[in-house]
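Enquirer: Take a look at this one; I'll ask things after.
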Amino acid sequence: MMTSRSEYRLLLRQDNANDRLVPIGHKFGLISDERYQRFLERKNILDNETSRIKKATIYPCEELNKMLESKGTSPITQGVKFIELLKRPQIDYRDLAQFDENAPSLEHDIIDKLEINIKYEGYIKTQNRKN
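Each number in this note's numbering comes from the position in the sequence shown (counting from 1) with 149 added on.
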């Protein structure tokens, strides 16, 4: 049965097709070991950065608060977890990375995937609980 519920569309996006299908394809011999290793390396980078930003704190400064206000969101008065700022719809990873000295240089598609995972995390968890 097909559904148009947005929760299902969040789980079946084109950007997460590799996450869903590469392990299965490798298991059945359809994906080469080399491609599977590249997939695992990229997944590891994404997982490591997700873990890092959950712990990383960004502290207020004049430049940060100017950027936040210019994006239409409220400034901060005390240290805030990177991930909490990233959850704001107006803010993206690149906005915040300049204020985090430990932010690694990441490929654009990994950044996009990280943002999607963080910003839609609540909706995806809701859908997974219903399944």
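Virtual Cβ for every residue (Gly too), placed ideally from N, Cα, C.
Can you give me the Cβ contacts of D168 inside the same chain, cut-off strictly under 8 Å, excluding the 5 residues immediately before and after it?
Expert: Translated into the one-based positions of the sequence shown, residue 168 becomes position 19. Only K192 meet the Cβ criterion.
Enquirer: What is the DSSP secondary structure of I207, counted as helix, strand or coil?
Expert: Here residue 207 corresponds to residue number 58 of the sequence shown, with the count starting at 1. DSSP places I207 in strand when its eight states are reduced to three.
Enquirer: Going by alpha carbons, who is nearest to K230 out of L217, K203, S181 and E270?
Expert: Walking along the sequence shown from the start, residue 230 turns up at place 81. The option with the nearest alpha carbon to K230 is K203.
Enquirer: Please work out which residues of its chain come closer than 8 Å, Cβ to Cβ, to K274, disregarding the five sequence neighbours upstream and downstream, and give them in chain order.
Expert: Locating residue 274 in the sequence shown gives position 125, counting from the first residue. So no residue of the chain qualifies.
Enquirer: Quick check: what's the CA-CA separation for M150 versus L213?
Expert: Taking the sequence shown and counting its residues from 1, one reaches residue 150 at position 1. Taking the sequence shown and counting its residues from 1, one reaches residue 213 at position 64. At M150 the pLDDT is 48, less than 50, meaning the model places this residue with poor confidence; the figure from the coordinates comes in the next sentence. Going from the Cα of M150 to the Cα of L213 covers about 47 Å.
Enquirer: Would you say the beta carbon of D196 comes nearer than 8 Å to a heavy atom of the ligand MG?
Expert: Summarising the ligand content, the structure contains no ligands, and the ligand MG is consequently not present.
Enquirer: Below 8 Å on the Cβ atoms is my guess for L217 versus I225; work out the distance and round it to an integer in Å.
Expert: Residue 217 sits at position 68 when you count from the first residue of the sequence shown. Residue 225 sits at position 76 when you count from the first residue of the sequence shown. Their Cβ separation, rounded to whole angstroms, is 7 Å, which keeps L217 and I225 in contact under 8 Å.
Enquirer: Counting along the chain, where does the alpha helix (DSSP H) carrying D261 start and finish?
Expert: Working through the sequence shown from its first residue, we reach residue 261 at position 112. Note, D261: alpha helix (DSSP H), H257 to K268.
Enquirer: Which class does K230 belong to by DSSP, given the choice of helix, strand or coil?
Expert: Start at 1 with the first residue of the sequence shown, and residue 230 comes out as number 81. DSSP places K230 in strand when its eight states are reduced to three.
Enquirer: To the nearest angstrom, how far is the alpha carbon of K176 from that of R162?
Expert: What you label residue 176 is simply residue 27 of the sequence shown in a count that begins at 1. What you label residue 162 is simply residue 13 of the sequence shown in a count that begins at 1. Cα to Cα, the separation comes out at about 22 Å.
Enquirer: Tell me the rounded alpha-carbon separation between G178 and E264.
Expert: Locating residue 178 in the sequence shown gives position 29, counting from the first residue. Locating residue 264 in the sequence shown gives position 115, counting from the first residue. Using only the alpha carbons, I get a separation of about 31 Å.
Enquirer: Check each candidate in L255, S181 and Q276 and name the one with the smallest Cα separation from T199.
Expert: Numbered from 1 along the sequence shown, position 50 holds the residue referred to as residue 199. The shortest Cα separation from T199 among L255, S181 and Q276 belongs to L255.
Enquirer: Given this structure, state the Cα-to-Cα distance separating P238 from F188, to the nearest angstrom.
Expert: Counting from one through the sequence shown, the residue named residue 238 turns up at place 89. Counting from one through the sequence shown, the residue named residue 188 turns up at place 39. Rounded to whole angstroms, P238 to F188 spans 28 Å at the Cα level.
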